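Read the structure below first, then the notes.
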Amino acid sequence: MSNQKTRVAIIGTGNIGSDLCARLIQSKEFEVVAFVGRRSDSPSLVKFRDNVAYSISTGIDGLLEIIEEFEGFFDATSAFEHLKHWEILKQHKKWAIDLTPSKIGTPMVPELIGQSDKFVINGTECMNYSMITCGGQSSAPLVHAIYKHSKKISDIEISSSIASKSAGPATRLNIDEYIESTENLVKLITNCKSVKSILVLNPAEPPIMMRTTVQMEVADFNLSAIKQELKSIVDKVKRYVPGYEVVVEPYSPSRNVISATVKVSGAGHFLPTYAGNLDIINAAAIETARRYILAKKEFSQLEKKL
Amino acid sequence: MIQLYDVTLRDGNHALRHSLTCNFVSEYCKLAEESDVWAVEVGHGNGLGASSYLVGKSADSDQDLLLAARNKLSRVKLAVHAIPGFATIKRDLIPALSIGVDVFRIATHSTEASTSQKHIEFLRNKGVIVHGVLMMSHMNDISGLVEQAKLMHSYGASAVILMDSAGYFVPNEVQERVDSIKSTLGIEVGFHAHNNLGVAVSNASKAIESGASIIDGASMGLGAGAGNAQLENIVSTGIRNKLVSSEISKYLKMSQIVEQSYPECLPRVTSSSIESGMAGVFSGYAPQVKALAAELGIEPTAIWKEMSKRKLVAGQESMVKEIAQDLMNL
Chain A
21 MSNQKTRVAI IGTGNIGSDL CARLIQSKEF EVVAFVGRRS DSPSLVKFRD
71 NVAYSISTGI DGLLEIIEEF EGFFDATSAF EHLKHWEILK QHKKWAIDLT
121 PSKIGTPMVP ELIGQSDKFV INGTECMNYS MITCGGQSSA PLVHAIYKHS
171 KKISDIEISS SIASKSAGPA TRLNIDEYIE STENLVKLIT NCKSVKSILV
221 LNPAEPPIMM RTTVQMEVAD FNLSAIKQEL KSIVDKVKRY VPGYEVVVEP
271 YSPSRNVISA TVKVSGAGHF LPTYAGNLDI INAAAIETAR RYILAKKEFS
321 QLEKKL
Chain B
98 MIQLYDVTLR DGNHALRHSL TCNFVSEYCK LAEESDVWAV EVGHGNGLGA
148 SSYLVGKSAD SDQDLLLAAR NKLSRVKLAV HAIPGFATIK RDLIPALSIG
198 VDVFRIATHS TEASTSQKHI EFLRNKGVIV HGVLMMSHMN DISGLVEQAK
248 LMHSYGASAV ILMDSAGYFV PNEVQERVDS IKSTLGIEVG FHAHNNLGVA
298 VSNASKAIES GASIIDGASM GLGAGAGNAQ LENIVSTGIR NKLVSSEISK
348 YLKMSQIVEQ SYPECLPRVT SSSIESGMAG VFSGYAPQVK ALAAELGIEP
398 TAIWKEMSKR KLVAGQESMV KEIAQDLMNL
């Protein structure tokens with residue numbers, strides 16, 4: 021693999037965008053060419069001004085002025101904004117990693133690539149991958165493990181509690197979209213039509229760590245196979261989300277129902293460790309971008325050979 | 098004018114472990130229609146869209162319960178409780194609008210009003226009455242409650258309801274809070290009591306004296322934990338204090354049908370409910386704490402104390418299992 025870094029832009033200077041920026045400027049594989057906000061006094065734009073080539077406070081318009089400088093972008097604005105950004109930037113052949121709940125991108129859970137046929141990285145096209153939600157990313161390993169070793173899933177529920185401090189204004193305003201996107205991801209993994217997602221914000225001090233509980237109603241299941249499967253996926257997730265752990269092992273609280281709970285503590289890049297919800301979605305975003313770039317390189321090498 | 102807001106068919110559903118049926122809703126609403134209650138709230142204990150493994154599955158769906166109530170109510174308004182995070186606009190509020198719900202209460206934890214913005218804004222131009230509800234209001238200080246109430250008001254809520262979801266308050270604390278919101282915002286204020294410390298009716302009376310105009314109560318106190326302020330006692334003390342003008346007999350009929358239909362579910366002030374009240378933990382956790390304590394052979398007190406320490410809010414049922422497990426491993 022060549023040592024050339026992939027040049028990217030980050031749009032959105034809120035909690036998610038800032039944490040992404042903090043991660044990517046340390047990365048050996050990525051270079052943050054532009055960090056894009058809409059206010060010149062945005063504290064994060066100021067904070068990372070010296071770490072990026074272009075610190076842009078004029079939104080997408082400012083980014084268009086340096087359109088040749090980057091290959092793809094991470095969007096941590098809002099669902100509404102992302103639709104506009106993608107409309108414009110796809111014409112310039114920029115790939116996108118979408119961290120908003122816009123639902124326009126291809127849903128991606130990087131730890132399930134190669135595990136589930138629903139998650140395939142396509143290096144042949146200019147792609148938009150959606151990171152869905154923190155509830156989606158944190159529940160996916162549990163949902164997949166139970167799905168793989170159960171028969172006839174009739175009902176699924178995903179409930180997450182997160183620290184109030186880790187829920188920014190966009191999450192609060194878009195709580196319905198959060199719920200719907202999480203549910204759609206679980207439907208995609210399992211083909212089950214009856215899926216419910218719940219989000220609870222807890223303002224406790226010191227802030228709580230994110231918890232996600234999955235409950236699934238199934239006709240039959242193999243508990244030891246589920247536990248084993250979960251362990252192997254969790255080991256993989258831990259490689260890029262070190263604070264991901266199972267706190268209540270899969271068990272059957274009532275007949276034909278399986279439940280398990282994970283806790284996600286953050287790595288503390290930009291935000292404190294209680295922001296595990298942001299941590300997991302950003303870690304997944306970077307991992308997805310990494311896998312996509314790898315797939316693109318493989319494809320272009322293959323093309324050269326032919 | 099005091100608006101009596103009857104939560105028997107919603108908060109009471111906690112006491113019934115969400116087993117409320119359309120039949121009972123129908124029967125109860127017939128009697129409520131004859132009383133002077135302003136609104137009857139119907140649905141799952143945690144509100145619209147909350148039927149779940151996490152907080153309990155409903156026997157009859159919200160929509161069926163609402164339809165049953167709608168058929169019997171004409172003078173009395175039909176009301177719902179909806180918590181963003183459980184209920185969504187598309188899945189829950191729109192169907193409730195089409196059933197003809199008159200009053201929508203959008204509820205958040207006492208520090209999280211900003212999660213109610215879209216829901217309140219969506220409803221405010223739909224020709225319905227919208228209340229903002231601050232649940233677990235003892236978990237925010239007075240100036241914080243005023244700030245949160247202001248947010249809900251700015252989104253379009255015509256009234257803000259303070260819920261003492263843990264049954265933690267004593268009357269002078271209720272007075273301070275109602276006073277502060279009334280005097281700073283000048284909007285309608287409501288109060289919703291729980292009886293863990295045995296002062297639910299006193300708290301409701303104090304709220305009325307302090308200027309609250311919407312008062313929640315439940316027949317026989319049917320509600321989570323030690324139950325709500327008993328509606329028939331809000332009315333009887335209100336009549337004695339010349340704050341309410343109504344006939345008590347109408348409320349006693351509602352009370353009797355609850356007493357006769359659910360003799361085994363009537364809430365009482367038990368040692369457990371006093372513990373949860375003192376600890377300031379949401380009353381709705383009581384059945385789960387009781388069951389886990391029995392299953393694992395630990396004292397309920399230990400679980401309540403740990404829940405209080407970790408400052409659980411409503412809707413964190415899955416944490417109770419983890420806490421009990423941690424206590425076992427100590």
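Chains A and B, in that order, give the protein sequences. The numbering used here puts the first sequence at residues 21 to 326. The numbering used here puts the second sequence at residues 98 to 427. From the three backbone atoms N, C-alpha and C, an ideal C-beta is built for every residue, glycine too. This structure is a prediction, so every number in the text was calculated from the model and none was measured.
Cβ neighbour criterion (16 or more within 10 Å) applied to residue i
i	result
Asp-196/A	buried
Ile-311/B	buried
Ala-426/B	Looking at the sequence itself, residue 426/B is Asn, so the reference to Ala does not match. Answer is exposed; the Cβ neighbour count stays below 16.
Ala-112/B	buried
Asn-148/A	buried
Lys-104/A	exposed
His-289/B	buried
Gln-46/A	exposed
Met-21/A	Interpretation of Met-21/A is limited by its pLDDT of 45, a score under 50 that renders its predicted location unreliable; the figure taken from the coordinates is listed afterwards. Per the 10 Å Cβ criterion, exposed.
Asn-110/B	buried
Ile-253/A	buried
His-112/A	exposed
Beta carbon of residue i nearer than 8 Å to that of residue j
i	j	result
Ser-186/A	Val-284/A	no
Ser-316/B	Thr-105/B	yes
Ser-60/A	Ser-77/A	yes
Asp-199/B	Ser-234/B	no
Gly-153/B	Arg-114/B	yes
Ile-80/A	Ile-108/A	yes
Leu-40/A	Phe-94/A	yes
Ala-42/A	His-289/A	yes
Val-163/A	Thr-210/A	yes
Gly-314/B	Leu-151/B	no
Ala-297/B	Asn-325/B	yes
Pro-227/A	Tyr-167/A	no
Beta carbon proximity, residue i to chain A, threshold 8 Å
i	result
Val-410/B	yes
Gln-422/B	yes
Pro-181/B	yes
Gln-413/B	yes
Arg-114/B	no
Met-425/B	no
Tyr-252/B	no
Lys-402/B	no
His-206/B	yes
Gln-430/B	Any property of residue 430/B remains undetermined from this structure, which presents chain B solely from 98 to 427.
8 Å Cβ cutoff, residue i in contact with chain B
i	result
Gln-103/A	The sequence given here places Leu at residue 103/A; Gln does not occur at that position. Not one chain B Cβ lies under 8 Å of Leu-103/A.
Asp-196/A	yes
Gln-248/A	no
Ile-300/A	no
Ala-224/A	yes
Ser-159/A	no
Ile-124/A	no
Leu-219/A	yes
Arg-275/A	no
Ser-186/A	no
Glu-265/A	no
Leu-193/A	yes
Ile-199/A	yes
Lys-207/A	no
Thr-293/A	no
Backbone CA spacing between residue i and residue j [nearest angstrom]
i	j	result
Val-332/A	Tyr-264/A	The shown model of chain A, from 21 to 326, leaves out residue 332/A, and the question about it has no answer.
Leu-298/A	Asn-35/A	8 Å
Ile-331/B	Lys-339/B	12 Å
Ala-160/A	Gln-235/A	12 Å
Lys-48/A	Lys-25/A	7 Å
Lys-402/B	Ala-376/B	6 Å
Gly-335/B	Ile-180/B	30 Å
Trp-106/A	Arg-69/A	25 Å
Ala-388/B	Gly-140/B	24 Å
Ala-54/A	Thr-212/B	31 Å
Glu-203/A	Met-128/A	14 Å
Any chance the stretch 312-324 of chain B sits against the stretch 378-390 of chain B, with 3 or more Cβ pairs inside 8 Å? Between the stretch 312-324 of chain B and the stretch 378-390 of chain B there are three or more C-beta pairs closer than 8 Å, enough to call the two in contact.
Taking contact to mean at least 3 C-beta pairs separated by less than 8 Å, is the stretch 262-282 of chain A in contact with the stretch 212-224 of chain A? Touching, no.
Would you call the stretch 187-207 of chain A and the stretch 112-131 of chain B touching, i.e. three or more CB-CB distances under 8 Å? No, the stretch 187-207 of chain A is not in contact with the stretch 112-131 of chain B.
Counting pairs of Cβ atoms below 8 Å between the stretch 275-295 of chain B and the stretch 358-372 of chain B, do you hit three or more? Counting C-beta pairs with one atom in each stretch, the stretch 275-295 of chain B and the stretch 358-372 of chain B have three or more that are closer than 8 Å, which means they touch.
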